[in-house]
Amino acid sequence: MKDVAIAGIGTIGFGKSPDLSASAMANRAFKAALGDCGLAREDVDGLVCHIGSPRGLDYDEIAALLGLDLRYASQTWAHGRFCGTVLQTAAMAIANGLAETVACVGVFRNTAFSRPGTKGFPGFDENFREGGGPHAETPHTGMIAPIGGAAMSFQRYLYEHDKTAEGLAAVALSQRAHASLNPLAYKQDPLSEDDYAAAPYICEPLRRLDCSVPVDTGVVVLLTSLKRAEKLAQPPVRLSAFQGLSGGPNEFVFGRPGLGIHQRDRFAGTSLGADEPVFAKSNLGPGDIDTLHCYDGFAPQVIWTLERFGFAPVGQALDWIQGGRIGPGGELPVNTSGGHLSEGHSNGWGQTVEIVRQLRGTAGARQVPNCRNALWATTFGDAILYEN
Amino acid sequence: MKTDPTAQTLSFVDFPGEFSSHTVAPYIAPDCEVHYEALKTGKLLFPNCAECHRTGPPNGGCCPWCGSEERSWQPAQTAPVIHSWVRYHRAYLPEFNDLVPYEVIAARFGDGPVLFGRWLADGVTPVIGTEIRPVVERWTDGFCGVAFAQKDAKS
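Protein sequences appear in the order of chains A and B. The first sequence runs contiguously to residue 388 in our numbering. The second sequence runs contiguously to residue 543 in our numbering.
In structure tokens form, the structure reads like this:
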């Protein structure tokens, strides 16, 4: 997929916007993205949106309220895991001639609703799916809210690899250090190890600082052909290799395959590493990646992503991340915007605009030197390799 | 550990408080009702596939390994062990407000299904790999689910 690129990005930032409608947030981000690259509203003929109403907007609302004339539209299920899928869908639409320029829209009013896992949060009924809740929720047992599945997986991970949870602090501390360099991040105040140790447990073994921070946000990413992007105002950021979101009996969204949570089989964890399709398609390996960006609704997801994609050996990522390895100036800066843990829970869109900034060389104080290859990758298996 | 299926009648506990299960009980498809109806009589039954003879989880209308919809409902053949566990320090549902902190167990039945259930051993930290005992947890309106107790506990 070497002929598709990100041409423009726009965001309203990450915080609390109780007085803004989702359409106003989308409109502001959309205008910012158009202004970023010099495209006009009428140039956009495709739309893929993420999550939808009531937390955000459905595709038909966006088209009507923002005055778009579309010949291709799509939308994903109301879960954060589909940021990569949205971008991949848009790229495939462009590559196959279904649209020339696609707006990828991530707009979320997360602070307008009660906490995920409570009965007032949109989508609560999903807890009663035939196959169980989307994060292993089983309400009558008290197994509820996304954190339950992540905590259950992490507890099993610690047991299988004879580790303790203390090492996980490095994820929150490293990402807060990145966020302190990001003026758009919701949480920028410094964190110490004592702060982490004092943070209360929410669902043991996970503490409050292992959890993402809910925010309101609007992000628009404009994709078009590389040929067209090269004629626009910003240097194009190419999407050079893809790997789709995985599913199956051994896959659980909040755990590395093989941990046996919410699954039927269990097996020893294996890392495909450089054999993962995203690397095989690009002739690159983990050692070629200048910065990694991953879905971090909960801190262990960073650990599992590092292991799944071969950055750290299976069972050793908690040790591997110590000593500033994933922080500013580290060997592999991870989630340099601060990620969901500190910039705010943007369902991957904050990381996406940060990848673009890094590859343009406009990330300011947190710029990764000579950044050429950036990887979006997740616990649940999807990945996009970006190149400048 | 192999168990004698014919001897398996589970003990009952009542979910604390006076709560109806209607906002927390799972959707039960007609072809999966056997599991929940059996719990009301103290029996823990899982679907055993007539084609590949593997034992699956109680939800879902077909065998996840071979796709067959032909199955018989059989008592658990092995005692559950703790596969993982968590301790909630926050109640997300009002039914659990008075219970925090409370633990939830992921219990593995041999090579078969994993069930989640509340841990009933107050003050005892669960240990992964430990054999435990399933019990029936009964709600005020009669709905029955599974919870877990220490293997040798009396209730």
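Where is the CB? At the ideal position from N, CA and C, for every residue including glycine.
Query: Within-8 angstroms CB hit, lysine 119(A) to chain B; Result: yes
Query: Rounded separation between threonine 336(A) and glutamate 354(A) - CA only; Result: 7 angstroms
Query: Beta-carbon proximity of phenylalanine 531(B) to alanine 495(B), cut-off 8 angstroms; Result: no
Query: Assigned exposure category for alanine 78(A) - 16 Cβ within 10 Å defines buried; Result: buried
Query: Helix, strand or coil at glycine 8(A) [DSSP, three-state]; Result: strand
Query: Glycine 273(A) versus isoleucine 321(A) - alpha carbon distance; Result: 17 angstroms
Query: Supposed contact pair phenylalanine 504(B) and methionine 392(A) - C-beta distance, whole angstroms, cut 8 angstroms; Result: Any property of residue 392(A) remains undetermined from this structure, which presents chain A solely from 1 to 388.
Query: Cβ contact (3+ pairs, closer than 8 angstroms) linking the region 183 to 190 of chain A and the region 453 to 462 of chain B; Result: no
Query: Proximity winner among Gln88(A), Asp296(A), Pro333(A), relative to leucine 245(A) (alpha-carbon distances); Result: Gln88(A)
Query: Proximity below 8 angstroms, CB of alanine 7(A) to CB of leucine 39(A); Result: yes
Query: Assigned secondary structure, valine 171(A) (DSSP; H/G/I helix, E/B strand, else coil); Result: helix
Query: Alanine 90(A) to leucine 318(A) span [Cα, whole Å]; Result: 35 angstroms
Query: Nonlocal neighbours in the same chain, by C-beta distance under 6 angstroms from leucine 173(A), ignoring five residues either side; Result: Leu191
Query: Distance, leucine 66(A) Cα to leucine 223(A) Cα; Result: 18 angstroms
Query: C-alpha gap between glycine 361(A) and cysteine 294(A), whole angstroms; Result: 20 angstroms
Query: Alanine 280(A) to alanine 426(B) span [Cα, whole Å]; Result: 51 angstroms
Query: Below-8 angstroms beta-carbon distance, asparagine 447(B) vs any chain A residue; Result: yes
Query: Sequence ranges, beta strand (DSSP E) only - wholly within the region 270 to 310 of chain A, length at least 3; Result: 291 to 294
Query: Pairwise C-alpha distance: threonine 397(B) and threonine 378(A); Result: 44 angstroms
Query: Integer Cβ distance of alanine 95(A) from valine 4(A), believed to fall under 8 angstroms; Result: 6 angstroms
Query: Contact between the region 294 to 312 of chain A and the region 364 to 374 of chain A (3+ Cβ pairs under 8 angstroms); Result: no
Query: Leucine 66(A): CB within 7 angstroms of a non-hydrogen atom of the ligand GTP; Result: Of the ligands one can find in the structure shown there are none, so the ligand GTP has no counterpart to examine.
Query: Complete beta strand (DSSP E) runs within the region 391 to 445 of chain B (minimum length 3 residues, chain order); Result: 400 to 402, 433 to 437
Query: Below-8 angstroms beta-carbon distance, threonine 466(B) vs any chain A residue; Result: no
Query: Burial state of glutamate 204(A) (16 or more Cβ within 10 Å); Result: buried
Query: Rounded C-alpha distance that separates threonine 394(B) from glutamine 538(B); Result: Caution is warranted here: a pLDDT of 48 is assigned to threonine 394(B), below 50, making its placement in the model unreliable, and the coordinate value is therefore given only provisionally. One C-alpha to the other measures close to 21 angstroms.
Query: Contact belief for arginine 81(A) with phenylalanine 298(A) at Cβ below 8 angstroms, rounded distance in angstroms; Result: That belief does not hold up - the Cβ atoms of arginine 81(A) and phenylalanine 298(A) are roughly 13 angstroms apart, past 8 angstroms.
Query: Touch test, the region 110 to 130 of chain A against the region 159 to 179 of chain A, Cβ-Cβ under 8 angstroms, three pairs minimum; Result: no
Query: Interface partners of glutamine 301(A) on chain B, CB under 8 angstroms; Result: Per Cβ cutoff of 8 angstroms: no residues; glutamine 301(A) is ~16 angstroms from chain B at best.
Query: Aspartate 216(A) - partner residues in DSSP beta bridges; Result: Gly15(A), Arg109(A)
Query: Any chain A beta carbon closer than 8 angstroms to proline 414(B); Result: yes
Query: DSSP three-state assignment for cysteine 532(B), whether helix, strand or coil; Result: strand
Query: Within 8 angstroms, strictly: CB atoms of valine 221(A) and leucine 341(A); Result: no
Query: Within 8 angstroms, strictly: CB atoms of serine 472(B) and isoleucine 261(A); Result: yes
Query: C-alpha distance - phenylalanine 407(B) paired with alanine 29(A), whole-angstrom precision; Result: 46 angstroms
Query: Through-space distance from alanine 151(A) to glycine 117(A), alpha-carbon basis; Result: 14 angstroms
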